[in-house]
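*Asks:* The structure is given below, and queries will be raised subsequently.
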Ligand SMILES: *Cc1c(COP(=O)(O)O)cnc(C)c1O
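Numbering (my numbering), first residue to last: 49 to 402.
Encoded structure:
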């Protein structure tokens, strides 16, 4: 800790992303990246736009991308915002709609670890709602008075999906604060809460192209909601950085949204692989949490997660282990390609003596 650090800096505890090692070639099942490349149309577009125009600033309003997203979601462009990855949009969302004083915001106790990080950074009080013994989000617990709600659906790192009508019920009982649904993984089988946007002006749905559109390296996220919420995020963005999305990312994202055939094909493959790998792990004796995401959350009754983690790493396979109460015996395993999962299953089978 340096004497030059601000009081805010001294008080925070930053998020730690999954590792991106450069030392050797790993099978990377640790950061929920998509194992398939971006659509060929996206790569073609990137080559096309990497030209002399890069001397010019990009469109601060992201008009073309918002237009494409509005069309895709059957919303008005004024109900769409685009940002530099959904993490940044989530940070703007916390600043825009959650207050440092007054009632605490609510989110699950086991959830995306960035939520407590943003809360601490922006001095927002929060109350964590415990998941039940099977890692279900107890929707009724969110009917309490609050300064805001944020729920990932499906949840991370469990992969558990809360039926969308439960989100609808939370919205019906909560009209005084903003309800954020983080749909980073919704394309892998769940039903979106976007359909409630018309009726509920306090609903914000946040999404990303990182997982289901194979563009984690491009950093594109977006938010959908009533135009007053969208305007709120714009006011924060324009108080930090007018150009959060570069020209290349904007063009690539438009193409990714438009190539629905490629998107459907890759997401279908990931869902099929997830289901097959889940049942094989169950056969080996693993507890496998029902997942609607592009990862699975697993524990073995005899071999501790930290031991499996270590041995997989030695064999060149990276997964994620969270040393946190209630989940420290679980591993989060991203769904890779069929070849990657073949190696993973072979090695993990050896480790647990199957
Ligand atoms: C991956 C993830 C994000 C962040 O996505 P980016 O767009 O890559 O910043 C947000 N929320 C959840 C729950 C995630 O798992």
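Virtual Cβ for every residue (Gly too), placed ideally from N, Cα, C.
In or out: residue 64 buried (at least 16 other Cβ within 10 Å) or exposed?
*Replies:* Exposed.
*Asks:* For the candidate residues 188, 169, 191 and 159, whose alpha-carbon lies nearest to that of residue 176?
*Replies:* Out of 188, 169, 191 and 159, 159 has the C-alpha closest to the C-alpha of residue 176.
*Asks:* Can you tell which of 126, 144, 56 and 358 has the C-alpha that lies nearest to the C-alpha of residue 287?
*Replies:* The option with the nearest alpha carbon to residue 287 is 144.
*Asks:* Residues in the same chain with beta-carbon distance under 8 Å from residue 388, minus the five sequence neighbours each way, listed in chain order, please.
*Replies:* Closer than 8 Å at Cβ, skipping near neighbours: 75, 77 and 83.
*Asks:* Could you round the C-beta distance between residue 90 and residue 304 to whole angstroms and report it? I think they count as a contact, below 8 Å.
*Replies:* 5 Å
*Asks:* If you pair each beta-carbon of the region 234-246 with each one of the region 55-62, do three or more pairs fall below 8 Å?
*Replies:* Short answer: they don't touch.
*Asks:* Between 328, 366, 193 and 209, which lies nearest to residue 219 when the distance is taken from Cα to Cα?
*Replies:* Nearest of 328, 366, 193 and 209 to residue 219, Cα basis: 193.
*Asks:* What does DSSP give as the partner residue(s) for residue 343 in the beta ladder?
*Replies:* 382
*Asks:* Determine whether the beta carbon atoms of residue 101 and residue 267 lie at a separation below 8 Å.
*Replies:* No, they are not a contact pair.
*Asks:* So if DSSP puts residue 174 in a beta bridge, which residue, or which two residues, is it bridged to?
*Replies:* 153
*Asks:* Here's a check: name, in chain order, each residue in its chain whose Cβ is nearer than 6 Å to the Cβ of residue 139, leaving out the five neighbours to either side.
*Replies:* 166
*Asks:* I'd like to know if the region 185-201 and the region 321-329 are in contact, where contact means that at least 3 CB-CB pairs between them fall below 8 Å.
*Replies:* Not touching, per the Cβ criterion.
*Asks:* Please state whether the Cβ-Cβ distance between residue 251 and residue 227 is less than 8 Å.
*Replies:* yes
*Asks:* Suppose you measure from the CA of residue 54 to the CA of residue 62; what does that come to, to the nearest Å?
*Replies:* Cα-Cα distance, rounded: 15 Å.
*Asks:* Taking the alpha-carbon positions, what's the residue 229 to residue 379 distance?
*Replies:* 24 Å
*Asks:* Taking only runs of the alpha helix (DSSP H) that begin and end inside the region 312-380, which ones reach a length of at least 4 residues, in chain order?
*Replies:* Runs of the alpha helix (DSSP H) inside the region 312-380: 353-362.
*Asks:* In the DSSP output, what is residue 128 paired with across the bridge?
*Replies:* 272
*Asks:* Would you report the Cα separation of residue 189 and residue 244, rounded to the nearest angstrom?
*Replies:* 20 Å
*Asks:* Give me the residue from 369, 400 and 322 with the minimum Cα distance to residue 406.
*Replies:* In the structure as shown, the chain starts at 49 and stops at 402, and residue 406 therefore has no counterpart that could be examined.
*Asks:* For ligand 1, list every residue whose C-beta falls under 5 Å from any of its heavy atoms, going in chain order.
*Replies:* 133, 134, 135, 160, 200, 204, 230, 232, 256, 258 and 269
*Asks:* Looking at residue 156: is its Cβ nearer than 8 Å to the Cβ of residue 94?
*Replies:* no
*Asks:* Does the region 98-114 touch the region 331-341, meaning 3 or more C-beta pairs lie closer than 8 Å?
*Replies:* no
*Asks:* Just tell me which of 115, 154, 362 and 151 has its CA closest to the CA of residue 73.
*Replies:* 362
*Asks:* Going along the chain, which residues of its own chain have a beta-carbon closer than 7 Å to the beta-carbon of residue 217, five neighbours each way excluded?
*Replies:* 187
*Asks:* Alpha helix (DSSP H) containing residue 112: first to last residue?
*Replies:* 111-121
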